[in-house]
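Residue numbers (the numbering used here), protein chains in the order written: chain A, 154 to 258; chain B, 93 to 739; chain C, 2 to 162. Let me begin by presenting the structure, written as structure tokens, before commenting on it.
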Amino acid sequence: MMGNIGLEHFLIFSGTLFCIGLFGALAKRNVIAILMGLEIMLNSVNINLVAFSRYATTGDLTGQVFAIFVVAVAAAEVAVGLALIVAIYRDRMSVNVEDFDWLKW
Amino acid sequence: MVNFALENAWLIPFLPFMAFVLIALVFKPLPKVSAFVAITCMLTSFVLAIQIGIGVFLDAERFIEEPLKHTFTWFSMSGLTIEMGTQIDPTSAMMLFVVTLVASLVQIYSLGYMHGDVGFSRFFAYLSLFAMSMLGLVIAPNLLQMFVFWELVGLCSYLLIGFWFFKYSAREAAKKAFITTRTGDFGLLLGLLLLQINFGTLDLVKLGEMIPNFTQYGLTASGLTVIAIILFLGPIGKSGQFPLHVWLPDAMEGPTPVSALIHAATMVVAGVYLVGRSLILFQTVPAAMTFVACIGAFTALFAATIAVTQVEMKKILAYSTVSQLGYMMLALGCGSLTASMFHLMTHAFFKALMFLGAGCVLHGMHNELNIWKYGGLKKYMPVTYWTFLIGCLAIAGIPPFAGFWSKDEILLVTYNMFAHGHQPIYLVLFIMAVITAGLTAFYMFRMFFICFHGELRDEHAHPHEAPPSMLIALIVLGALSIVGGLVGMPWLEHPFGYYVRLGEFEHEAPNYFIMVGSVVVACIGIFTAITIYLKKSVSHEKLAEQYKGIYTVLYNKYYIDEIYLWLIHNVLDGLGRFLWWVDITIVDGIVDGVGKSTQGLGSILRRAQTGKLQHYALVLFAGVVILVVIMAMTGTSSASSMLGGVR
Amino acid sequence: MFWILAIFTLGSALLMVMNKNIFHSALFMVLTFIGVAAMYVMLQADFMAAVQILVYAGAIAIFLVFGIMLTQRGNMKQTNLFAKHTAVAGLVSLALVVINAFMVWNTNWLKSTAEPPQDTVGQIADLMLGKFMVPFEVAAILLLVALLGAVIIAKGVKKTS
Chain A
154 MMGNIGLEHF LIFSGTLFCI GLFGALAKRN VIAILMGLEI MLNSVNINLV
204 AFSRYATTGD LTGQVFAIFV VAVAAAEVAV GLALIVAIYR DRMSVNVEDF
254 DWLKW
Chain B
93 MVNFALENAW LIPFLPFMAF VLIALVFKPL PKVSAFVAIT CMLTSFVLAI
143 QIGIGVFLDA ERFIEEPLKH TFTWFSMSGL TIEMGTQIDP TSAMMLFVVT
193 LVASLVQIYS LGYMHGDVGF SRFFAYLSLF AMSMLGLVIA PNLLQMFVFW
243 ELVGLCSYLL IGFWFFKYSA REAAKKAFIT TRTGDFGLLL GLLLLQINFG
293 TLDLVKLGEM IPNFTQYGLT ASGLTVIAII LFLGPIGKSG QFPLHVWLPD
343 AMEGPTPVSA LIHAATMVVA GVYLVGRSLI LFQTVPAAMT FVACIGAFTA
393 LFAATIAVTQ VEMKKILAYS TVSQLGYMML ALGCGSLTAS MFHLMTHAFF
443 KALMFLGAGC VLHGMHNELN IWKYGGLKKY MPVTYWTFLI GCLAIAGIPP
493 FAGFWSKDEI LLVTYNMFAH GHQPIYLVLF IMAVITAGLT AFYMFRMFFI
543 CFHGELRDEH AHPHEAPPSM LIALIVLGAL SIVGGLVGMP WLEHPFGYYV
593 RLGEFEHEAP NYFIMVGSVV VACIGIFTAI TIYLKKSVSH EKLAEQYKGI
643 YTVLYNKYYI DEIYLWLIHN VLDGLGRFLW WVDITIVDGI VDGVGKSTQG
693 LGSILRRAQT GKLQHYALVL FAGVVILVVI MAMTGTSSAS SMLGGVR
Chain C
2 MFWILAIFTL GSALLMVMNK NIFHSALFMV LTFIGVAAMY VMLQADFMAA
52 VQILVYAGAI AIFLVFGIML TQRGNMKQTN LFAKHTAVAG LVSLALVVIN
102 AFMVWNTNWL KSTAEPPQDT VGQIADLMLG KFMVPFEVAA ILLLVALLGA
152 VIIAKGVKKT S
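Put into structure tokens, the structure is as follows:
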């Protein structure tokens with residue numbers, strides 16, 4: 154296992170990274186921290202894509218192109234997300250996600 | 093003329109019905125015209141009935157072999173056909189004669205009695221409706237038609253008892269009559285249904301053939317006995333047998349012509365007539381017949397004991413009617429259609445006579461009911477006096493008046509059931525009947541002496557004789573009470589029993605011992621009444637004081653009404669209250685409970701909607717984990733089918 | 002080499018998530034991005050590594066810091082606390098890790114034995130402007146829309162006094 158780094162290693166690595174990001178998204182109170190967890194998750198997905206492009210379809214770089222698009226979308230998403238957070242903060246004076254429960258019964 | 097009547101017997105009930113419709117719709121504001129219409133139709137029916145009587149009388153054997161029936165199909169569906177029509181045989185011919193005669197006389201009497209009453213037209217309308225119902229019942233060829241008209245007769249009784257509806261007591265009496273007879277009708281309907289189910293028909297002639305072979309139709313003897321007894325509940329109610337007799341004395345709230353017509357001569361005998369028509373059923377199961385006889389004899393004695401203490405003229409006559417109806421049932425319970433129908437006929441004559449006579453007394457004494465206010469009316473109302481005396485002699489059973497022959501016939505058949513059949517119960521019933529005969533004579537003459545002899549007790553009363561319209565009926569009925577029984581003399585070649593019978597004609601030898609004995613018993617009763625009330629040798633007040641306990645019980649009619657009231661209030665209403673509790677608590681509880689549990693479940697499940705997206709995401713991923721674990725454990729094929737994909 | 006980088010990246014991610022100070026979390030996030038970029042290099046995706054550093058570590062991280070600064074109040078130390086259901090979340094994440102690792106290790110992946118291309122930029126450009134032309138343009142529009150949207154949302158509604 155130590156010697157030959159293969160596809161599996163990268164996949165497990167990206168999976169773990171994903172779960173760490175998931176934990177951050179689920180368990181933190183600050184909205185911005187949740188966003189950060191979201192970014193980590195997107196990053197792990199990118200690693201997954203690139204790993205497959207390197208090991209499974211070696212000549213074809215479609216995986217990397219896909220990853221680039223993911224980065225672009227992630228950037229857009231962060232922009233809009235932060236704008237929303239700022240707008241909510243202006244109104245409610247809080248970034249604690251436990252206060253944003255207007256959908257409750 | 094005779095043939096026309098025989099072929100068109102349906103006219104007999106139809107004419108009074110026409111009178112009813114005409115009066116109700118057209119002539120109500122014109123009292124004299126209404127009376128004219130009603131009486132005309134009734135007399136026409138009477139003439140037709142006489143024609144039918146003549147026709148049957150001349151050719152009796154043929155009518156007994158095969159009654160003359162005209163029917164049409166009223167209602168028909170698969171498996172059930174209901175017919176309506178007429179059936180002429182000696183029994184129905186006799187009944188037609190009696191009913192039309194008494195109804196006509198009562199209507200003529202009402203011209204005088206109801207004169208000036210606000211509801212004069214309405215009275216004649218109801219009387220005509222009643223006449224139609226009773227006549228339809230009498231000529232019915234099947235039990236269903238009889239039941240239809242039975243209910244109609246009950247309706248007319250209700251309308252007529254409560255005729256003076258502005259009186260609270262009249263309203264209550266009408267309700268009581270209807271409800272009590274309805275209670276009996278429950279059994280009647282049940283019995284009819286059972287007969288229809290088992291035999292497939294309610295036609296009298298057909299049932300007469302089928303019932304003796306009842307085992308072919310899948311019935312056991314005990315099953316048939318049960319049907320017979322259930323069926324008998326109807327006559328118990330309608331004919332005032334114990335325990336459903338309570339409505340008859342209260343029915344005296346109605347006008348006296350009503351009491352004469354309905355509660356003496358015609359409606360109350362509907363029950364007797366029904367049992368008579370279905371006598372073949374009772375003869376086939378002797379246990380039911382014995383039951384009928386016991387009820388009849390008990391009722392006769394029971395009512396006679398109560399009548400001894402009563403102080404209202406009409407109430408005494410009412411209890412007397414109950415007692416005589418008991419006699420008729422006793423006769424049927426001994427299997428003799430002849431004796432029962434004979435007594436029915438004679439009883440109609442003398443009881444109607446006495447009721448109409450009581451009506452004359454009431455008319456003359458301005459509706460004073462208590463007989464102790466009367467006295468010495470002999471000199472003020474001679475016609476009433478003599479006709480009433482005839483009636484009392486008839487009911488007491490003194491020959492040659494009508495009641496003697498019929499009552500003697502009943503005593504004879506009862507004794508024969510004991511002597512030939514060797515059933516000891518009939519001896520007991522015979523003794524009860526004899527005692528009742530003595531009591532009957534006693535209380536009738538008690539009433540007679542108190543009312544008509546002695547001195548007038550009430551100084552402010554001005555009694556006077558009744559107008560001629562009322563006296564005609566008295567005279568006619570008086571004549572019939574004298575000669576009416578002679579048709580049943582046992583020495584005739586074709587006595588009453590030749591015409592009205594069930595089965596073969598048996599020429600019974602007269603039992604002189606019973607004949608003489610019954611006269612002796614009657615004379616004892618009359619003599620006792622003379623001693624106490626005429627000669628006043630023994631004071632009746634002292635007797636009442638001496639036997640205070642018995643006197644109180646008898647005077648209060650054995651407290652039966654109070655017992656019934658208590659039962660209804662506690663048992664029936666208690667059941668109602670209990671069921672109301674069940675409805676409110678249990679049924680509503682369940683229905684509300686379903687709603688409330690749904691609400692409760694909702695309010696519990698609602699808490700999952702926290703509004704916090706992190707919770708939702710958490711649940712999502714937890715679900716994913718669980719699904720994956722399940723998939724890993726059960727393999728991919730079941731996992732794919734679980735997720736909805738094809739295998 | 003892989004292992005060092007892996008531990009580095011995962012460690013910074015973990016520290017980022019566990020930290021109670023949001024600013025420190027942001028800094029650790031930057032470290033994580035750099036680690037991921039190094040991973041790209043290990044995967045012979047050099048262009049990706051460059052893009053990663055430029056966009057993520059350069060722009061997005063700054064963006065997030067902006068957000069933190071605009072919305073922070075009071076004590077910096079307590080700005081990034083854990084929610085009440087943290088234990089459950091941790092359990093779920095752990096379960097997912099285990100399951101994922103297990104499944105990945107036991108799957109027979111189809112691997113190619115060809116040589117990775119040296120010139121990634123050129124090939125990416127070929128694909129981008131050739132086969133994936135339309136997504137490329139759409140992504141551009143998306144970025145424009147996101148820009149506009151962010152400006153409008155952040156600007157807020159003018160209160161009519």
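Using N, Cα and C, we set each Cβ at its ideal position, and we do this for glycine too.
Does any residue of chain B have a CB that is nearer than 8 Å to the CB of residue i?
i              : result
residue 100(C) : yes
residue 250(A) : yes
residue 178(A) : yes
residue 18(C)  : no
residue 93(C)  : yes
residue 1(C)   : The structure shown has nothing for residue 1(C), since chain C only spans 2 to 162.
Quick check on DSSP: helix, strand or coil for residue i?
i              : result
residue 530(B) : helix
residue 512(B) : helix
residue 355(B) : helix
residue 404(B) : strand
residue 739(B) : Caution is warranted here: a pLDDT of 49 is assigned to residue 739(B), below 50, making its placement in the model unreliable, and no coordinate value can be reported.
residue 627(B) : coil
residue 168(B) : strand
residue 175(B) : strand
residue 107(C) : coil
residue 459(B) : coil
residue 183(A) : strand
residue 154(A) : Residue confidence for residue 154(A) is low, a pLDDT of 49 falling below 50, so the modelled location carries little weight and cannot support an answer.
residue 722(B) : helix
residue 490(B) : coil
residue 160(B) : strand
residue 249(A) : strand
residue 83(C)  : strand
Contact defined as beta carbons within less than 8 Å: I believe residue i pairs with residue j. What is the distance between those atoms, to the nearest angstrom?
i              : j              : result
residue 127(B) : residue 203(B) : 6 Å
residue 467(B) : residue 542(B) : 7 Å
residue 43(C)  : residue 3(C)   : 6 Å
residue 208(A) : residue 112(C) : 5 Å
Is any beta-carbon of chain C found at less than 8 Å from that of residue i?
i              : result
residue 256(A) : no
residue 201(A) : no
residue 214(A) : yes
residue 717(B) : yes
residue 720(B) : yes
residue 166(A) : yes
Does residue i come within less than 8 Å of chain A when only Cβ atoms are used?
i              : result
residue 59(C)  : no
residue 45(C)  : yes
residue 701(B) : yes
residue 5(C)   : no
residue 693(B) : no
residue 664(B) : no
residue 704(B) : yes
On a CA-only basis, which of the options is nearest residue i? Give me that one, please.
i              : options                        : result
residue 594(B) : 195(B), 170(B), 101(B), 426(B) : 426(B)
residue 415(B) : 533(B), 562(B), 660(B), 139(B) : 533(B)
residue 242(B) : 224(B), 509(B), 386(B), 258(B) : 224(B)
residue 392(B) : 682(B), 328(B), 205(B)         : 328(B)
residue 265(B) : 286(B), 284(B), 339(B), 395(B) : 339(B)
residue 168(A) : 129(C), 106(C), 141(C), 122(C) : 106(C)
residue 406(B) : 146(B), 548(B), 343(B)         : 343(B)
Considering only residues of the stretch 576 to 616 of chain B, which uninterrupted alpha helix (DSSP H) runs meet the minimum length of 4 residues and lie entirely inside it, listed in chain order? 588 to 591
List in chain order: all unbroken alpha helix (DSSP H) runs of 4+ residues lying wholly within the stretch 222 to 294 of chain B. 235 to 253, 260 to 291
Can you list the alpha helix (DSSP H) stretches of 4 or more residues lying completely in the stretch 94 to 127 of chain B, in chain order? 94 to 99, 103 to 114
Within the stretch 327 to 373 of chain B, ranges of the beta strand (DSSP E) (whole runs, at least 3 residues): none
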